[in-house]
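To start, the structure under review is shown below, and the notes come after it.
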Amino acid sequence: MTLPLRILMPLLFWALGLAHAVAAEPSGKVLRVLAWPGYADPEVLQGFSQRTGARVELTVVGSDEAMRQRLLSGRGRDFDVFALNTAELQQYIDQGIARPIELQRVPNTRRQRPRFRELSAIPGLIRRVDGLTQVYGVPYTYSEMGLIYDRRQLSAPPDSLQVLWDPRWRGKVLAYAGGTHNFSLAALALGWQQPFELGERQWAPAVDKLVALRRNVLGFYSLPEESVQLFMRHKVALMYANYGLQQLHLLKAAGVDVGYVIPREGALAWLDCWAISSSTGDPELAHAWINFMLEEPASSLLVSRQGLANTVSDSVASAPQVPLRWLEPVESEERREHYWARIHSGDSPSRVLQR
Numbered sequence: 031m032t033l034p035l036r037i038l039m040p041l042l043f044w045a046l047g048l049a050h051a052v053a054a055e056p057s058g059k060v061l062r063v064l065a066w067p068g069y070a071d072p073e074v075l076q077g078f079s080q081r082t083g084a085r086v087e088l089t090v091v092g093s094d095e096a097m098r099q100r101l102l103s104g105r106g107r108d109f110d111v112f113a114l115n116t117a118e119l120q121q122y123i124d125q126g127i128a129r130p131i132e133l134q135r136v137p138n139t140r141r142q143r144p145r146f147r148e149l150s151a152i153p154g155l156i157r158r159v160d161g162l163t164q165v166y167g168v169p170y171t172y173s174e175m176g177l178i179y180d181r182r183q184l185s186a187p188p189d190s191l192q193v194l195w196d197p198r199w200r201g202k203v204l205a206y207a208g209g210t211h212n213f214s215l216a217a218l219a220l221g222w223q224q225p226f227e228l229g230e231r232q233w234a235p236a237v238d239k240l241v242a243l244r245r246n247v248l249g250f251y252s253l254p255e256e257s258v259q260l261f262m263r264h265k266v267a268l269m270y271a272n273y274g275l276q277q278l279h280l281l282k283a284a285g286v287d288v289g290y291v292i293p294r295e296g297a298l299a300w301l302d303c304w305a306i307s308s309s310t311g312d313p314e315l316a317h318a319w320i321n322f323m324l325e326e327p328a329s330s331l332l333v334s335r336q337g338l339a340n341t342v343s344d345s346v347a348s349a350p351q352v353p354l355r356w357l358e359p360v361e362s363e364e365r366r367e368h369y370w371a372r373i374h375s376g377d378s379p380s381r382v383l384q385r
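With our numbering applied, the sequence shown covers 31 to 385.
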């Protein structure tokens, strides 16, 4: 998954991937952190430095591709701890770049909501190695991909993904431009239990569903800011919120009267976790960082500044009774994106499926 601007950037230079260091009392300790903009604001870094006496070197990336380049080029040797989504985490476990996390060193996991303490229920966080269960990620922040609607145009909140295909809203719907996520969206709308692993017989109905979506929407967006501009300029009624709570935060900040719901079919959701590099020279300090990030002010700033959810408090926009489908690696990103390019360009279903 690529989420190049998932959260608001409090400092412009962070988007350029520059390192930001926070001074601390000299102790000889240095913690090298790789994360997304807004995940560790300056006062958070200062608080950690004051507590541990360590100097924090923070490097910020704006896309999964940039993170891969940083981690894979040095085999993780340039960082002690990093934040990434559960789907991306798999390759770093497989390549030995991420090391197991010792949860007894992260006691603040007890502060997390129950759904984030049940690690076995979240794909990608644990592995069984030689009969032992090993944990490779501690949940930090997440967002569901729900539905945003204009309260002035819809008298009641929509309760199903099928509203995106409702002809009453033709030309008043925005959807996301990414093919990988859109095939998972189609799978949920079709009632399939496994949206990340399409069988050979499922491709044709999924393509039909997405062609129908293309015909019903005003257009497709790539970035959250772009979606907000389109929503306001064209008086959009409904939007599939690939960036979830961040888009809701941006629209409300712009003064738009919008609501946010999780449809009854459930929702795709990305979950970012803290992981520890297998090359870290100070595992104790790396564990201390993860533990600190589950406290204040880090957790509350995710909500107040970034419009995201944290894992230690309930999100006002979440619907706990509705299942979330945490992103997983898909059967073929290449095939999904290839078909999506044809759908987006206006091809008919039969042409899309031509090899």
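Glycine is no exception: its CB is placed at the ideal position from the N, C-alpha and C atoms.
Any idea if residue i is buried or exposed, counting beta-carbon neighbours within 10 angstroms, 16 or more meaning buried?
i: R269; result: What sits at residue 269 in the sequence shown is Met, not Arg. The residue is buried, with at least 16 neighbouring Cβ atoms inside 10 Å.
i: M262; result: exposed
i: V63; result: buried
i: L191; result: buried
i: Q163; result: Looking at the sequence itself, residue 163 is Thr, so the reference to Gln does not match. Per the 10 Å Cβ criterion, exposed.
i: K239; result: buried
i: L204; result: buried
i: P144; result: exposed
i: P225; result: buried
i: V136; result: buried
i: P72; result: exposed
i: A264; result: For the record, residue 264 in the displayed sequence is His; it is not Ala. Exposed, by the Cβ-count rule.
i: G106; result: buried
i: A186; result: exposed
For residue i, which residues from the same chain have a beta carbon less than 6 Å from its beta carbon, with the 5 sequence-adjacent residues on both sides left out?
i: A328; result: V74
i: W199; result: A267, L268
i: L33; result: Confidence at L33 is low in this model, with a pLDDT of 42, below 50, so the placement of that residue should be treated as unreliable; the coordinate-derived value is given next. None.
i: H279; result: G337
i: T310; result: D110, A316
i: W222; result: none
i: S334; result: none
i: E230; result: none
Could you give the C-beta distance for residue i and residue j, rounded to a whole number, given that I count them as a contact under 8 Å?
i: D287; j: R182; result: 6 Å
i: G68; j: Q336; result: 5 Å
i: P91; j: W66; result: Position check: residue 91 holds Val in this sequence, whereas Pro was assumed. That belief holds up - the Cβ atoms of V91 and W66 are roughly 7 Å apart, short of 8 Å.
i: G274; j: L260; result: Not confirmed; about 17 Å, so no contact.
i: S173; j: A339; result: 6 Å
i: L101; j: I123; result: In fact, because the Cβ distance is near 12 Å, the residues do not count as touching under 8 Å.
i: V352; j: L177; result: Actually they do not touch by this definition, with Cβ atoms about 12 Å apart.
i: A216; j: V258; result: In fact, because the Cβ distance is near 25 Å, the residues do not count as touching under 8 Å.
With a threshold of 7 Å on Cβ separation, who are the neighbours of residue i within its own chain once the five nearest residues in sequence on each side are excluded?
i: A117; result: M31, G154, L357, E358, P359
i: E132; result: H317
i: L149; result: L155, I156, V165
i: R366; result: G209, T210, F213, V360
i: K202; result: L248, V266, A267, L268
i: L301; result: N115, T116, I152, P169, Y172, W356
i: K282; result: V288
i: L184; result: A267
i: Y251; result: L204, Y206, A207, S257, L260
Taking C-alpha atoms, which residue in the options lies nearest to residue i?
i: N321; options: Q125, A271, V352, V168; result: V168
i: Q142; options: S343, W370, A207; result: S343
i: A70; options: S362, R365, R366, T171; result: T171
i: C303; options: S103, R98, F146, L101; result: F146
i: R129; options: F112, L260, P137, S214; result: F112
i: D189; options: V333, G289, L332, L114; result: G289
i: M175; options: A151, W319, Y206; result: Y206
i: S308; options: D94, T89, Q125, Q99; result: Q125
i: W319; options: Q99, S103, T139; result: T139
i: E227; options: E255, P313, E363, Q134; result: E363
i: Y179; options: A271, T89, T341; result: A271
i: M323; options: S334, D312, T341, P313; result: T341
i: Q120; options: A305, L354, D312; result: A305
i: P313; options: Q134, T89, G104, L220; result: Q134
Among residues of its own chain, excluding the 5 on either side of residue i, which ones have a beta-carbon nearer than 8 Å to its beta-carbon?
i: L315; result: K59, L61, T82, A84, D110
i: A53; result: Residue placement at A53 cannot be trusted, given a pLDDT of 41 that sits under 50; the coordinates are not used to answer.
i: L383; result: W233, A234, V237, Y369
i: R381; result: R372
i: S378; result: V241
Kindly say whether residue i, judged by its beta-carbon, lies nearer than 8 Å to any beta-carbon of chain D.
i: G104; result: No chain D appears in this structure, which consists of one protein chain only.
Review point. Are the region 185 to 198 and the region 327 to 344 in contact at 8 Å, needing three or more beta carbon pairs?
Key: Judged by Cβ distances under 8 Å, the region 185 to 198 makes no contact with the region 327 to 344, as fewer than three pairs qualify.
Point to revise | Given 8 Å, three or more beta-carbon pairs between the region 283 to 297 and the region 358 to 376 | key: Counting Cβ pairs under 8 Å, fewer than three are found: no touch.
Point to revise | Cβ contact (3+ pairs, closer than 8 Å) linking the region 227 to 244 and the region 367 to 376 | key: Contact between the region 227 to 244 and the region 367 to 376 is present, because at least three Cβ pairs lie under 8 Å.
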